[in-house]
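Q: If you scroll down you'll find the structure; I have some questions about it.
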Amino acid sequence: MPGINWEKLMRNRLAIFTVAALLPLTGGASLAIAGQAVAAPPPPVVTVTGTVDDCDDDASPEEVTIATSKESKTDDTGVKSSNKYSVNFKNIPKKGRSATATVTCVGGSTYTQDFKINGAQGTTPVTQKVHLEP
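As C-alpha cells, this is what we get:
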C-alpha cells in the first residue's frame, strides 16, 4: 500500500481554502461595481427665443406660451415691451420634439404656430431662434 503524500495533500487543501476564501470577495466586488451604475444624465437645457409679431387685429402681444407633449412654458415679461420672448425646456430629447406656440395679444386675440424644437446633440445647452407670426 502506497504511503500518503502529505505535502501534496496539504497543497491541495490550501488551494481549496484559498479559492473558497476568495470567491465571496470577488463576487462582492462584482456586486459593488454593478451597484455603482449611474443613470444617463438628463438632456441639456434648450432655450427657445425670438421675436413676436402683433395679432391680425394689430393688437400687441402680451404673452407667449410654448407647449410640447411633456412640458409647457410661458413668457410674459419681455413680450409686452419688446415683442421678444425666451423660454427654457429641460426635457427635449436629441431627436427633438414638436411644439405649438400660442401668442396671446391685448384684448384676448391669439394665434398659434407649430414648429419643432431641436434637441441638443451633446451635453451643452443650446438656443433655437423662432420668429412667431400669425
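Note that the working numbering has the sequence shown beginning at 201, numbered continuously upward.
Glycine included, C-beta positions come from ideal geometry on N, C-alpha and C.
Nothing here was measured: the structure is a model prediction, and the numbers come from that model.
What does the Cβ neighbour count give for Q328, buried or exposed, with the cut at 16 atoms within 10 Å?
A: The sequence position of residue 328 within the sequence shown is 128, counting from 1. Under this definition Q328 is a buried residue.
Q: With respect to the alpha helix (DSSP H) encompassing S281, which residues constitute its N-terminal and C-terminal limits?
A: Locating residue 281 in the sequence shown gives position 81, counting from the first residue. Counting along the chain, the alpha helix (DSSP H) containing S281 begins and ends at 279 to 282.
Q: With DSSP collapsed to three states, give me the class of V238.
A: Translated into the one-based positions of the sequence shown, residue 238 becomes position 38. Looking at V238 - three-state DSSP - the assignment turns out to be coil, as it is neither helix nor strand.
Q: Might you give, ordered along the chain, the residues of its own chain that have their beta carbon closer than 7 Å to the beta carbon of T249, omitting 5 neighbours on each side?
A: Walking along the sequence shown from the start, residue 249 turns up at place 49. The residues are Y285, S286, T327, K329.
Q: In angstroms, rounded to a whole number, what distance separates the CA positions of P325 and E333?
A: As a position in the sequence shown, residue 325 is number 125, starting the count at 1. As a position in the sequence shown, residue 333 is number 133, starting the count at 1. Those two C-alpha atoms are separated by around 26 Å.
Q: Rounded C-beta distance between I266 and A239? I'm assuming under 8 Å.
A: Here the question's residue 266 lines up with position 66 in the sequence shown. Here the question's residue 239 lines up with position 39 in the sequence shown. I266 to A239, Cβ: 27 Å. No contact.
Q: Let me see if you follow: with CB-CB separation under 7 Å, is G307 close to chain B or not?
A: The chain inventory of the structure shown lacks chain B, comprising one protein chain alone.
Q: Let's see if you can read the secondary structure: which residues bound the beta strand (DSSP E) around P261?
A: By 1-based counting over the sequence shown, the position of residue 261 is 61. Where P261 is concerned, the enclosing beta strand (DSSP E) stretches over 261 to 267.
Q: Taking all protein chains shown into account, do 16 or more other C-beta atoms lie within 10 angstroms of the C-beta of I317, making it buried, or fewer, making it exposed?
A: The residue you call residue 317 lines up with position 117 of the sequence shown. By the 10 Å Cβ count, I317 comes out buried.
Q: Secondary structure at G308, three-state DSSP: helix, strand or coil?
A: The count along the sequence shown starts at 1 and reaches residue 308 at position 108. Here G308 sits in helix by DSSP.
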